[in-house]
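Student: Respectively, the protein sequence lines represent chains E and A. Under my numbering, the letters of the first sequence match residues 1 to 332, in that order. Under my numbering, the letters of the second sequence match residues 1001 to 1180, in that order. Note that the Cβ used here is the ideal one computed from N, Cα and C, for glycine as well.
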Amino acid sequence: MVEEIILATARHNDKIDPVLGIWGWEIAVYLFLGGITAGIMFFSALVILLKKEEQAPFSAFKLALWGPIALSLGMGGLFLDLEHKLFVYRFYTTFQPSSPMSWGAWILIIVYPVSILLVLATLRVGYPFLAAYAERLDIGKWVLDTAERYRRAIAVANIPVAVGLGIYTGILLSAFMARPFWNTGVLGPLFLISGLSTAAALVVLVARKEAERHMFTRIDVGLILIELVIIALLVINLATGARMQLEAFRQIFGGAYTVVFWGWFVTLGLLIPLVLEYRELKGKVVWVALAPVLVLVGGYVLRQVAVDVGQSGNWTHYATQFNPALLERLNH
Amino acid sequence: MTTYAMVIDTRTCIGCGDCVVACKIENKVPEGLNRDWVVEITKGRYPDLTTEFRSERCNHCSHATCVYACPTGASHYWKDTNIVLVTADKCTGCKACIAACPYNARLIMHPGGYIDKCTFCVHRVEKGLDPACVATCPTQCMHFGVLDDPNSTVSQLLKTRNYRALMPETGNEPNVYYLS
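1) How is F216(E) classed by DSSP in three states: helix, strand or coil?
2) Does any CB atom of chain A fall closer than 8 Å to the CB of M101(E)?
3) For the segment 1039 to 1052 of chain A, which residues have a CB atom closer than 7 Å to at least one CB atom of chain E, in sequence order?
4) Look at D220(E) and E148(E) and say whether their C-beta atoms are less than 8 Å apart.
5) At a Cβ threshold of 8 Å, is I1108(A) touching chain E?
6) Taking the C-alpha atoms as reference points, what is the distance between V293(E) and V1007(A)?
7) Since I154(E) meets chain D, which of its residues come closer than 7 Å, beta carbon to beta carbon?
8) Mind checking the segment 183 to 201 of chain E against chain A and listing, in chain order, the residues whose C-beta falls within less than 7 Å of any C-beta there?
9) Quick one: what's got a C-beta closer than 7 Å to R151(E)'s C-beta in the same chain, skipping five residues either side?
10) Which residues in chain E sit within 7 Å of W1037(A), going by Cβ to Cβ distance?
11) Got a sec: is the Cβ-Cβ distance from W262(E) to anything in chain A below 8 Å?
12) Could you list which residues in chain E have their beta carbon closer than 8 Å to that of T1170(A), in chain order?
13) List the residues that DSSP assigns as beta-bridge partners of F1053(A).
14) Would you call the CB atoms of V206(E) and F42(E) closer than 8 Å?
15) Tell me the rounded alpha-carbon separation between I1108(A) and E210(E).
16) Leaving out five residues before and five after L1158(A) in sequence, what residues of the same chain have Cβ atoms less than 7 Å from its Cβ?
17) Can you tell me whether R1045(A) is buried or exposed, with buried defined as 16 or more other CB within 10 angstroms of its CB?
18) Cβ of L20(E) less than 8 Å from any chain A Cβ?
19) Just to confirm before moving on: does the CB-CB distance between W315(E) and A178(E) stay below 8 Å?
20) If you count every other CB in all the chains shown that lies within 10 Å of the CB of L1129(A), and 16 or more means buried, which is it?
21) What do you get for S194(E), buried or exposed, if any count of 16 or more other CB atoms within 10 angstroms of its CB means buried?
22) Closer than 8 Å is the cut-off here; do at least three beta carbon pairs connect the segment 1037 to 1057 of chain A with the segment 5 to 19 of chain E?
23) Does the structure place the segment 1022 to 1033 of chain A close enough to the segment 1140 to 1150 of chain A that three or more beta carbon pairs sit under 8 Å?
24) Counting only beta-carbon separations shorter than 8 Å, does P1071(A) have a partner in chain E?
25) Within the 8 Å Cβ cut-off, does R279(E) reach chain A?
26) How would you list, in chain order, the residues of chain E whose beta-carbon sits under 8 Å from the beta-carbon of V1198(A)?
27) When you compare each of L1049(A), C1013(A), H1060(A), C1019(A) to Y1004(A) by their alpha carbons, which one comes out closest?
28) In the DSSP assignment, what are the bridge partners of R1045(A)?
29) Taking 8 Å as the threshold (beta carbon to beta carbon), is I1098(A) in contact with chain E?
30) Using the Cβ count rule (16 or more neighbours within 10 Å means buried), how would you classify W66(E)?
31) Just grab the DSSP bridge partners of G1210(A) for me.
32) Counting Cβ pairs, one atom from each stretch, are 3 or more of them under 8 Å apart for the segment 1088 to 1099 of chain A and the segment 125 to 145 of chain E?
33) Using a Cβ cut-off of 8 Å (strictly closer), state whether A207(E) contacts chain A.
34) How is the beta strand (DSSP E) around L350(E) delimited, first residue to last?
35) Does P113(E) pass the burial test, meaning 16 or more other C-beta atoms within 10 Å, or should it be called exposed?
36) Does DSSP put I1115(A) in a helix, a strand or coil?
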């Protein structure tokens, strides 16, 4: 028994046929930078709360400033993706509780003040020249004083907001029932852990103090191990699913995205840096910058693969789309 | 809530594509985009083959995932019905609704950048007329009406004929039915 479904009239709708192509690198960049922002907020706050300022001065005083900057760049990507840019303000004239994107828009509104407060609370030590600039005005001085006084409270507030932001970047995709690769609960935790891991890698890459790099290399090893477990869960979930999940699974298991998923993301972005970082902890340093750079690249590749594979999955299948090349064959 | 439904008889549909042309003209759908389309389904093994034509479009689901996914409320139900519409000046073009539709029935209207879709020709429905595709069908295989009224043509057809909707397993409760 054969069943063939073909299109009798042309349907080559832009960005929908033959497979969905609505989101490109802009969204992947946003998800990557949103995740790394979550990690930056999380670790800047954690170092303060655990009183590790002396051991990790970069994370305690300088890292926080990178958060709002990374997030703004990410939101730039988000803005570039909008097709109806002039109406971007419409996100903020309403709240739609059933829409993850609406939640995200409002979460970002919370993330900015909370992360900027952490910047202000650490500005005098971290970036004295910026603090001096702010202190030219009395109000700037007052703001820095107040932020410093409530530094611990601000750090406490940063932790749940960071976790919320990290998980949200995954839920943004996982909430779509129509796309089997995305529609899994592990995407939220996966993106959160990946975001934390990329932020830890950033610290390893930029921090000057050996003890701090060592501390974050250890953290990153743990995070990569957790990430590998979540990847295994994601793959098992797809491989044991219904037809739709199986088709998504085949995309990364023999299909077009196999090499980029297992080669670029899992091997180059997780396994190799894991081995390098482990060796580093044992004192066998090869090239310090390689592992964190690979983690950062892997973090981006994960977002790009997720965005691309998710869109290639579908409930509907037409055996043929309108294909002008077939008409040309008649001439031969 | 009033449920509008479209009932299409696949046994009298000949796949001529007039519904597609009628829609494009009535709604001035830009070149290269279609709000409805016709598929041809062939089943069996030669020589025992059966062919069915199906005119497809937005299913105006009673449980429309696109409406729930919209972050600005641009995607909405028309009045107290199942007709799913998009308000252009609330739409940011974020494309969440395109990703949310299991039928891939939504599209981007160029060059404006906002999302466009089948409206069940709500501007005609308001006047008591059928959607353009239904009104134009030369074999009169398409029917449109209110499902809640037991005496409407659509209700009567669903009562007396074998029918199915596309992929009801999505849980979206689609409201375009196909008679067989």
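Tutor: The short version:
1) Looking up residue 216(E) in the first sequence gives position 216. Helix, per DSSP.
2) Residue 101(E) sits at position 101 when you count from the first residue of the first sequence. So yes, M101(E) belongs to the interface.
3) Listed in sequence order: V1039, E1040, I1041, T1042, K1043, G1044, R1045.
4) One-based indexing of the first sequence puts residue 220(E) at position 220. One-based indexing of the first sequence puts residue 148(E) at position 148. Going by C-beta atoms, D220(E) is not nearer than 8 Å to E148(E).
5) Residue mapping note: residue 1108(A) aligns to position 108 of the second sequence, counting from 1. It does; some Cβ of chain E falls within 8 Å.
6) Position 293 of the first sequence, counting from 1, holds the residue named residue 293(E). Position 7 of the second sequence, counting from 1, holds the residue named residue 1007(A). Taking the straight line joining both Cα atoms gives about 58 Å.
7) Given the protein chain composition of this structure (E and A), no chain D is represented.
8) Those residues of the segment 183 to 201 of chain E that come within reach of chain A (Cβ to Cβ, closer than 7 Å) do not exist; the list is empty.
9) Along the first sequence, one-based indexing puts residue 151(E) at 151. Hits under 7 Å: I48, A121.
10) Within the second sequence, the letter at position 37 stands for residue 1037(A). Here the neighbours are L7, T9, R11.
11) For the purposes of this step, residue 262(E) is identified with residue 262 of the first sequence, where counting begins at 1. Chain A contact via Cβ: absent.
12) Position 170 of the second sequence holds residue 1170(A). Neighbours of T1170(A) on chain E, chain order: M177, A178, W315.
13) What you label residue 1053(A) is simply residue 53 of the second sequence in a count that begins at 1. DSSP lists E1040(A) as partners of F1053(A).
14) Within the first sequence, the letter at position 206 stands for residue 206(E). Within the first sequence, the letter at position 42 stands for residue 42(E). Their beta carbons are not under 8 Å apart, which means V206(E) does not touch F42(E) by this criterion.
15) Within the second sequence, the letter at position 108 stands for residue 1108(A). Within the first sequence, the letter at position 210 stands for residue 210(E). Looking at the two C-alpha atoms, the distance is approximately 52 Å.
16) As a working note, residue 1158(A) is residue 158 in the second sequence. Excluding residues within five positions, the ones whose Cβ falls inside 7 Å are V1007, Y1177.
17) As a working note, residue 1045(A) is residue 45 in the second sequence. Label assigned to R1045(A): exposed.
18) Along the first sequence, one-based indexing puts residue 20(E) at 20. Yes, because at least one Cβ of chain A sits closer than 8 Å to the Cβ of L20(E).
19) As a first step, residue 315(E) must be located in the first sequence, where it is residue number 315. As a first step, residue 178(E) must be located in the first sequence, where it is residue number 178. In contact: W315(E) and A178(E) (Cβ atoms closer than 8 Å).
20) Reading the second sequence from its first residue, position 129 is the one you call residue 1129(A). Classification of L1129(A): exposed, given that the 10 Å Cβ count is below 16.
21) Numbered from 1 along the first sequence, position 194 holds the residue referred to as residue 194(E). S194(E) is buried by the Cβ-count criterion.
22) yes
23) Contact fails: fewer than three Cβ-Cβ distances are below 8 Å.
24) Counted from its first residue, the second sequence places residue 1071(A) at position 71. For P1071(A), at least one C-beta of chain E is nearer than 8 Å to its own C-beta.
25) Here residue 279(E) is taken as the residue at index 279 of the first sequence, counted from 1. For R279(E), the answer is no, since every Cβ of chain A falls outside 8 Å of its Cβ.
26) The structure shown does not extend to residue 1198(A), since chain A is modelled only from 1001 through 1180, so no value can be given for it.
27) One-based indexing of the second sequence puts residue 1004(A) at position 4. Residue H1060(A) is the option with its Cα nearest to Y1004(A).
28) Taking the second sequence and counting its residues from 1, the one referred to as residue 1045(A) is at position 45. The partner list for R1045(A) (beta bridge, DSSP) reads D1048(A).
29) Translated into the one-based positions of the second sequence, residue 1098(A) becomes position 98. Chain E, which has a Cβ nearer than 8 Å to the Cβ of I1098(A), makes this yes.
30) If you number the first sequence from 1, residue 66(E) lands on position 66. The residue in question, W66(E), is buried, as its Cβ has 16 or more Cβ neighbours within 10 Å.
31) Residue 1210(A) is absent from the model: chain A starts at 1001 and stops at 1180.
32) No, the segment 1088 to 1099 of chain A does not touch the segment 125 to 145 of chain E.
33) Indexing the first sequence from 1 puts residue 207(E) at position 207. Not one chain A Cβ lies under 8 Å of A207(E).
34) For chain E, the structure presents residues 1 to 332; residue 350(E) sits outside this window and is missing.
35) For this step, residue 113(E) is matched to residue 113 along the first sequence. By the 10 Å Cβ count, P113(E) comes out exposed.
36) Walking along the second sequence from the start, residue 1115(A) turns up at place 115. In this structure, I1115(A) counts as strand in the three-state DSSP scheme.
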